[in-house]
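See below for the structure under consideration.
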Amino acid sequence: MTIAPLCPTPIMQHETIQMAHGAGGRLSQALMQRVFMPHLHNSFLDLLDDQAKLDLPPGRTAFTTDTYVVSPIFFPGGNIGELAVNGTVNDLAVGGARALYLSAGFVLEEGLPLVELEVIVRSMAKAACHAGVMMVTGDTKVVGKGQCDRIFINTSGIGTIREGVNLSCRNLKPGDSIILSGTVGDHGMAIMTSRGGLSFQSRIQSDCAALNGMIGTILDEQPSAIHAMRDPTRGGVAATLNELAQSSSVGIEIHEATIPVKPDVRGACELLGIDPLHVANEGKLVLAVTAGDAEKVLDVMRTFDLGRDAVIIGSVVDDHPGMVVMRTVYGSRRIIDLPLGEQLPRIC
Amino acid sequence: MRTPMRYIDEYRDPALARKLLDEIRRKALHHWTIMEICGGQTHSIIRNGIDQLLPDTIELVHGPGCPVCVTPLESIERALAIAAREEVIFTSFGDMLRVPGNARDLFMVRSAGGDVRIVFSPLDALQIARDNPSKEVVFFAVGFETTAPANAMAVWQAAREGINNFTVLVSQVMVPPAMRAILSSPDNRVQGFLAAGHVCAVMGYEEYEPVAREFQVPIVPTGFEPVELLAGILKTVELLEEGKAEVVNCYGRVVSRAGNPVAQETIRNVFEVSDRQWRGIGLIPGSGLGLRESYARFDAEKRFNVTNISAEESPLCMSGRVLQGMLKPDGCPAFAKECTPQHPLGATMVSSEGACAAYYNYHRTVS
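Respectively, the protein sequence lines represent chains Z and F. Mapping of the first sequence onto my numbering: position 284 corresponds to residue 284, and the numbering continues sequentially without gaps. Adding 1000 to a residue's 1-based position in the second sequence gives its number in my numbering.
Quick look at the structure:
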């Protein structure tokens, strides 16, 4: 009789995130090799150092950070991964910077399926490639079930600012034209209508996209025309215009009839009693431009898919400093204020 | 790029709106004070600046038809007390979450660990009850005759299925008793009404005919879009100029004289008429709906024993006078000073249908 005692070996192949994936041991290494490196690897990341050592081109440096906690993590038109890359690339680009390098910090909830993480990482790699940036350093932590909502991602980014470009939300001058690059509210409504609890379905897709290609061309071709640029994310175009008006102590007047809204987004906003101007975008641009150059800037923007629907929505005025006023289609005027907080659907 | 949207854009046509405005200017030979009952109408009027476009002879005053605004402080305090309980999932229309009680709102209860959820229909709340049999699921049943049928349906369905972990905190109110209260007040200035279209869709407009006769006021069921509102105002002006105290339906695409009999029967099955407190106004006899005795086991006030909670209004808040059309929001000394949407003294500054919030959001310095 032979006894062949089987020494139990630890399970190394998991289908979901375990606490041990974040403990710095073998499982952490396996996660790195199996999920992150195949998609994100590059000459910086491959060194597996604790830091990336970068040679930045001469000039001023722009540095930004943002944390992404969107729910659901997969939504029509994108996922949290590409949002985390595009959002940070856009934050650099609207400051006139060429986005170069990103970092990524992941907080993973125990139990997150690895296949989902892999889809997210793969789309981050794709988005970074598309935007021409490199993911050069990163970190992963795992928290217990219920301690975060599946996955949170922080990305930080570094870029160099183009010479001769000085964009600031304090630069608006009366007479400037306000340009909007396309339809409003797509991202926020895609998220809202894909959350549980709403009993209607929509085909609304998030507009999640990197704007640095279009912005680069605008700044190359019309460097002195642009006074300020912002991507109207949380709080929507309304919040962005208010911030611009307040920072520059000028008034902004926009025209209701010019604001582009997709029919599905309009419909969902009508049903929920929400103003599309208050809804988030993730691939749109608001610009304040010298009035005489506005048409030229529009011509440049319209050569890009992302700027196909670009339009002048209003202008900077001397009146009502710090406030945004809309001329309605009836000729009356109303204030466009900052949204108060969470968007609350009305009762009836 | 603005793609047309059927059943909406026809009713927002600027050319048609201008035509109606010209007609109103032509017909309005005297000064008239007209009340739009519904907060949804108030918001549409202020948002689209219709009040700026009307001739000076037409004054619009804003009525009590905002469910969030008239839900009494006691009910809010009861909701807060129930929502904070460990065994409770408290469900509500989103609008109610920001309404302050004496010291906190439902958002604050949620951030302190309470399970407070926004639902879009009371039937969604019932589904939460089915899915969470070990929890007590409470729905905040507020609103006018518009929300009453669905709220009644949820209770009726719960009874039919024997769902025992579902209750409703009821603060249902009705329009005609409020109109009578406004018209009976010695301070009343209202000479004609735009009746709330969606309330009339449920109840019809027959029940307004005795009010029109008794108080000699024209009443015009009206929709919510700018063209519909202007058509309703024009009709009211015509009736006033002709001295006719009649009910004339200007919302024919939705409203009939008899209303929706199935919805009415659902309401009658579950609810009975009761006295009701209105926030800022006080008790209006026979102005509310309460659960019938046969459905008393679905009454959250009784299940959680919160009937003895009472509350004090801010002495600065004049929302009661605003809700009765006696005061415009910007005529209140606290407006945009002590009272803002960030620090509301009363619910009229909170709700998306509240008159004070409408003035604050759209009107502050424009006028």
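We put the beta carbon where it would ideally sit given N, CA and C, even for glycine.
- By DSSP's assignment, Lys141/Z forms a beta bridge with Val107/Z.
- Exclusion of the five residues before and after Glu15/Z leaves Pro113 and Leu114 as the residues of its chain whose Cβ lies within less than 7 Å of its Cβ.
- In this structure, Val1175/F and Glu1214/F do not form a Cβ contact; the two beta carbons are roughly 15 Å apart against a cut-off of 8 Å.
- Along the segment 311–328 of chain Z, going in chain order, the ones with a CB nearer than 8 Å to a CB of chain F are Val311, His320, Met323, Val325 and Thr328.
- Under DSSP, the beta-bridge partners assigned to Tyr101/Z are Met134/Z and Ile158/Z.
- Taken atom to atom, the span from the alpha-carbon of Asn1165/F to that of Leu1316/F is near 40 Å.
- Residue contact check for Ile178/Z against chain F: no CB pair falls below 8 Å.
- When the alpha-carbon of Gly1040/F is set against those of Asn1132/F, Ala1196/F, Ala1231/F and Ser1185/F, the nearest one is in Ala1196/F.
- Here the alpha carbon of Leu277/Z sits roughly 7 Å from the alpha carbon of Val184/Z.
- Note on Asn1308/F: under 16 other CB atoms within 10 angstroms of its CB, so exposed under the neighbour-count rule.
- Gly1290/F carries a strand assignment under DSSP once its states are collapsed to helix, strand and coil.
- In this structure, DSSP gives Asp66/Z an extended state, which the three-state scheme calls strand.
- By the CB criterion at 8 Å, Ala23/Z and Glu82/Z fall outside the cutoff.
- Against chain F, the beta carbon of Asp337/Z has neighbours under 7 Å at Asn1361, listed in chain order.
- Within the model, the alpha-carbon separation for Ala1103/F versus Ala1178/F is close to 28 Å.
- Inter-residue distance for Ala1028/F and Ala1300/F is about 50 Å (C-alpha atoms, whole angstroms).
- The continuous alpha helix (DSSP H) containing Gln1052/F extends over residues Ile1050 to Leu1053.
- Separation of Gly322/Z and Glu1087/F (C-alpha to C-alpha, rounded to the nearest whole angstrom) is 47 Å.
- Bounds of the alpha helix (DSSP H) holding Ala268/Z are Pro263 to Leu272.
- For Gly213/Z, the closest of Asp49/Z, Leu108/Z, Phe304/Z and Gln29/Z by C-alpha to C-alpha distance is Phe304/Z.
- Excluding its 5 nearest sequence neighbours in each direction, Thr328/Z has C-beta neighbours in its own chain below 8 Å: Glu256 and Arg334, listed in chain order.
- Here Cys1250/F is buried: its Cβ has 16 or more other Cβ atoms, across all protein chains shown, within 10 Å.
- Rounded to whole angstroms, Asp1051/F and Leu1234/F show a C-alpha spacing of 13 Å.
- At a cut-off of 8 Å, the C-beta of Arg333/Z has a neighbouring C-beta in chain F.
- Secondary structure at Gln1324/F: coil, using DSSP grouped into helix, strand and coil.
- Unbroken alpha helix (DSSP H) stretches of 4 residues or longer found wholly inside the segment 206–288 of chain Z: 212–221, 236–248 and 263–272, given in chain order.
- Taking Val143/Z as reference, the option from His21/Z, Leu272/Z and Asp299/Z with the minimal CA-CA separation is His21/Z.
- Contact between Ser315/Z and Glu243/Z is ruled out by a C-beta separation of about 17 Å, above the 8 Å threshold.
- Cα atoms of Asp319/Z and Ser248/Z: separation of roughly 13 Å, rounded to the nearest angstrom.
- According to DSSP, residue pairing for Gly1101/F in a beta bridge does not occur.
- Short of 7 Å from the beta carbon of Cys169/Z, and not among the five residues preceding or following it, lie these beta carbons of its own chain, in chain order: Ala228, Arg230, Glu243, Leu244, Ser247 and Ser248.
- Here the segment 1211–1227 of chain F does not lie against the segment 1263–1282 of chain F, with fewer than 3 beta-carbon pairs under 8 Å apart.
- Between Ile1046/F and Thr1236/F, the C-beta gap is not smaller than 8 Å, which leaves the two residues out of contact.
- Using a C-beta cut-off of 8 Å, the segment 199–209 of chain Z makes contact with the segment 66–80 of chain Z, since at least three inter-stretch Cβ pairs fall below that distance.
- Using a Cβ-Cβ cut-off of 7 Å, Gly267/Z is close to Met1005 of chain F, given in chain order.
- By the Cβ-count criterion, Val1262/F is exposed, with fewer than 16 other Cβ atoms from all chains shown falling within 10 Å of its own Cβ.
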